[in-house]
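Remarks on the structure that follows.
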Amino acid sequence: MRWLRFLSLGLWLLVGCSGCDSEEAPPDKGNVGNLFEGLNIQVTVPAVGGLKTDWEPALREWSIQHGGEVTVSEYPYAKGSGELSSNISEADVRLIPWSVVPELMAKEGFAEIPETVQAPDQLNWSGYFSGLRNQAASLGGQPRLVPIACPVLVCYYRRDLLEDAKLAPPKTWDDYQKLLDTLSDWAPGFTAVEPWSESFRASMFLARSAAIAKHSEQFSFCFDRATGEPLIASPGFVEALQKAKLALAKMPPEVTTFSPGDCRREILSGKAALAIGYETEINQDTAASEMVRIGISPLPGTRRVFNTSINEWVQFDKETLHQVTFTGFTGWAIGVRAELEDAENWAAWELTRYLAIEQLPQLYPSAMVSVCRDSQTESASRWTGPQLTASESESYVAAVTESLQNRQLVMELPLIGHQQYRAALTEGLTTAMNEENNEQAILSAVAEKWRGITEQLGQENVVRSYQFSHR
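If you count the sequence shown from 1, position 315 lands on 314 in numbering that gives the first Met the number 0, and the numbers rise without skipping.
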């Protein structure tokens, strides 16, 4: 009977957790029994690739083991959309794209991950890469989201060609540009590619801008954290756009239609000597030549950055490399609805642990998972396509690990109105790619459009949502 279950839960909280807050002590996952009997936990997943159907057997198994009922629904999903479905808002446990996090956090929030759920034998929160858990997965300074996938862009390069020419992989964007300028010398007949398709244009620009436009002493990136004023026309972003246009001039015109997966294909197929992308579309029919040896590193950094806090350029010494990781352009996380009753909250977090630890990656399509924590680095080939050798897979995972461990990590436009701001930036970048020497004017126009979006959404609402994403 339902009242007996609540009585047993109450006794457990009083006896099994004597001397501590009930908010801090979930049931022992190995001894749950029928503790959740009578509860119904609502789960929602995106309507992608039959995911709801694939999850149902595992959720039934969890119900049998734990005594609670689980109801799963799906919500319509379009990649990059920041729109909320009512199914997401009504669910207790949500598998969501990073793009909807700001809207959902502003609307109703996410439950904090209880400390004991963070323990090594539960979620093992400290095992997630530090930049990822402290920046992307923590909102309002508290851990709230469990990452499932959070890809980062990396630099693929022809290691064999660089070694033959006695050249090193690029550490800074200036090093990278020098390799582009001398491509015909060290890689004759090869190209260099970056993903500048319309759908990825804003992401590629922000990834290039991160190290140049965000100093380690400032929280703000695209917007001023305190006021919401756009910073997109500040000198760091202007210089980043100038550098991007110099790079594009050395690349084939087709890159304006390329996705990260297209760039990956170009280097694996032996056409490109430099490429920016990540391990996406890993099942594409591309075979790497046996003569090709690929190196993989984090995106380049810089030794000169604009600090908007003091409105000055800061020059680092030659031994200091300033790198900022940009992510959140795609990926997934699990969050629990805020303000659940204690019993429902523990059930929701136990189910989240089951989905994020015990059932990952087997419960997810390969495109929906990526390496997010230390324990996952032991099987590097699990996170890469079959075209990479074992050592290349290890290099890829090492580059991702270094990037996501970086405490200087920024998410893509983590505020309400995400898609509106992104569309305005894409429009401005498209104009910039077709015109010369007007980077300042174009980014100033983007900033003005952003101010209009902020006015429409409400400055206080925008600032609050942006502050939630920054510690």
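C-beta: ideal position from N, C-alpha, C; glycine also.
**Prompt:** DSSP on Pro-299, reduced to helix/strand/coil?
**Reply:** Correct three-state label for Pro-299: coil.
**Message:** Mapping the DSSP letters down to three states, classify Asn-133 as helix, strand or coil.
**Reply:** Taken through DSSP and simplified to helix, strand or coil, Asn-133 comes out as helix.
**Item:** Euclidean distance between Cα positions of Asn-437 and Ala-243
**Value:** Asn-437 and Ala-243: Cα-Cα distance of roughly 13 Å.
**Message:** Under DSSP, the alpha helix (DSSP H) around Ser-219 begins and ends at which residues?
**Reply:** From DSSP, Ser-219 is part of no alpha helix (DSSP H); its letter is neither H nor E.
**Message:** Considering only their Cβ atoms, is the gap separating Glu-426 from Leu-38 smaller than 8 Å?
**Reply:** Not a contact, by the Cβ cut-off of 8 Å.
**Prompt:** With distances taken between CB atoms, is the gap from Pro-194 to Cys-262 smaller than 8 Å?
**Reply:** Going by C-beta atoms, Pro-194 is nearer than 8 Å to Cys-262.
**Prompt:** So which of Leu-273, Phe-222, Val-396 has the shortest CA-CA distance to His-417?
**Reply:** Each of Leu-273, Phe-222, Val-396 was checked against the Cα of His-417, and the nearest Cα belongs to Phe-222.
**Item:** Among Val-237, Thr-329, Leu-403, Glu-338, the one whose alpha carbon lies nearest that of Pro-259
**Value:** Answer by Cα proximity: Thr-329.
**Message:** Do Ala-206 and His-321 have their beta-carbon atoms positioned less than 8 Å apart in this structure?
**Reply:** No. Outside cutoff.
**Item:** Alpha-carbon spacing of Ala-355 relative to Arg-157, whole angstroms
**Value:** Approximately 35 Å between the Cα atoms of the pair.
**Request:** Kindly list the residues whose CB is nearer than 6 Å to the CB of Lys-213, restricted to its own chain and excluding five residues on each side of it in sequence; keep chain order.
**Result:** These residues qualify, in order along the chain: Phe-220, Val-323.
**Prompt:** Are at least three pairs of beta-carbons, each pair with one atom in the stretch 398-412 and one in the stretch 141-154, less than 8 Å apart?
**Reply:** By the Cβ test, the stretch 398-412 is in contact with the stretch 141-154, since at least three Cβ pairs between them sit closer than 8 Å.
**Alpha-carbon spacing of Glu-22 relative to Phe-109, whole angstroms** = Below a pLDDT of 50, predicted positions are generally treated as unreliable, and Glu-22, at 45, falls in that range; no measurement from the model is reported.
**Prompt:** Looking at C-beta atoms only, is the number of pairs between the stretch 92-106 and the stretch 313-320 that lie closer than 8 Å three or more?
**Reply:** No: the two stretches stay apart, fewer than three of their Cβ pairs being nearer than 8 Å.
**Message:** Can you tell me whether Thr-181 is buried or exposed? The criterion is at least 16 other CB atoms within 10 Å of its CB, across all chains shown.
**Reply:** Burial call: exposed.
**Prompt:** For the candidate residues Gln-419, Pro-413, Glu-459, Arg-421, whose alpha-carbon lies nearest to that of Pro-101?
**Reply:** Nearest of Gln-419, Pro-413, Glu-459, Arg-421 to Pro-101, Cα basis: Pro-413.
**Request:** Write down the C-beta distance between Ser-308 and Glu-216 rounded to the nearest angstrom, noting that I regard them as a contact closer than 8 Å.
**Result:** Rounded to whole angstroms, the Cβ separation of Ser-308 and Glu-216 is 6 Å, and the two are in contact under 8 Å.
**Prompt:** DSSP three-state call for Asn-306: helix, strand or coil?
**Reply:** Secondary structure of Asn-306 (DSSP, three-state): strand.
**Item:** Where Thr-326 sits in the DSSP three-state scheme
**Value:** In the structure shown, Thr-326 sits in a strand (DSSP, three-state: E or B).
**Message:** Since Met-104 and Ser-369 should fall inside the 8 Å C-beta cutoff, what is the C-beta to C-beta distance between them, to a whole number of angstroms?
**Reply:** That belief does not hold up - the Cβ atoms of Met-104 and Ser-369 are roughly 22 Å apart, past 8 Å.
**Asked** From the DSSP output, which residues share a beta bridge with Ala-148?
**Response** Trp-331, per the DSSP bridge assignment.
**Message:** Taking its Cβ as the centre, do 16 or more other Cβ atoms sit within 10 Å of Asn-30, making it buried, or is it exposed?
**Reply:** At Asn-30, the pLDDT of 49 sits below 50, so the modelled position is not reliable; the number obtained from the coordinates is stated separately. Exposed, by the Cβ-count rule.
**Item:** Nearest neighbour of Pro-252, chosen from Pro-229, Thr-52, Gln-419, Thr-190 [CA to CA]
**Value:** Looking from the CA of Pro-252, the closest CA among Pro-229, Thr-52, Gln-419, Thr-190 belongs to Thr-190.
**Item:** Exposed unless 16 or more other CB atoms sit within 10 angstroms - verdict on Gly-481
**Value:** Nothing can be reported for residue 481: it is not among the residues displayed for the chain, which extend from 0 to 470.
**Asked** According to the neighbour-count rule (16 or more other Cβ atoms, all chains shown, within 10 Å of its Cβ), is Gln-361 buried or exposed?
**Response** An exposed status is given to Gln-361, since fewer than 16 other beta-carbon atoms sit within 10 Å of its beta-carbon.
**Message:** Need the endpoints of the alpha helix (DSSP H) that Asn-39 sits in, please.
**Reply:** Unbroken run through Asn-39 is the beta strand (DSSP E), 39-45; no alpha helix (DSSP H).
**Distance, Trp-312 Cα to Ser-233 Cα** = Going by the C-alpha atoms only, they are around 11 Å apart.
**Prompt:** Do you know how far the Cα of Cys-371 is from the Cα of Asn-433?
**Reply:** Asn-433 and Cys-371: Cα-Cα distance of roughly 38 Å.
**Request:** Following the continuous beta strand (DSSP E) through Leu-166, name the residue where it begins and the one where it ends.
**Result:** Judged by DSSP secondary structure, Leu-166 falls outside any beta strand (DSSP E); it is assigned neither H nor E.
**Asked** Assuming Trp-345 and Met-367 make a contact with CB atoms under 8 Å, what is their CB distance in whole Å?
**Response** About 26 Å separates the two Cβ atoms, so there is no contact after all.
**Message:** Please state the DSSP three-state secondary structure of Cys-154.
**Reply:** In the structure shown, Cys-154 sits in a strand (DSSP, three-state: E or B).
**Request:** Go through its chain and collect everything with a Cβ distance to Glu-265's Cβ below 8 Å, but skip five positions before and after it.
**Result:** Beyond the five residues adjoining it in sequence on each side, Glu-265 comes within less than 8 Å, by CB distance, of Thr-190, Val-192, Phe-257, Ala-271, Ala-274 in the same chain, given in chain order.
**Item:** Residues near Thr-279 in its chain [Cβ-Cβ closer than 6 Å; skip 5 each side]
**Value:** Hits under 6 Å: Pro-259, Gly-260.
**Request:** Rank Glu-338, Glu-391, Tyr-395, Trp-348 by C-alpha distance to the C-alpha of Val-145 and give the top, closest one.
**Result:** The residue with the shortest Cα to Cα distance from Val-145 is Trp-348.
**Asked** What's the C-alpha gap between Gln-134 and Phe-128?
**Response** About 10 Å.
**Prompt:** Enumerated in chain order, which unbroken segments of the alpha helix (DSSP H) with a length of 4 residues or greater are wholly contained in the stretch 430-465?
**Reply:** Every unbroken stretch of the alpha helix (DSSP H) spanning 4 or more residues and falling wholly within the stretch 430-465 is given here in chain order: 438-456.
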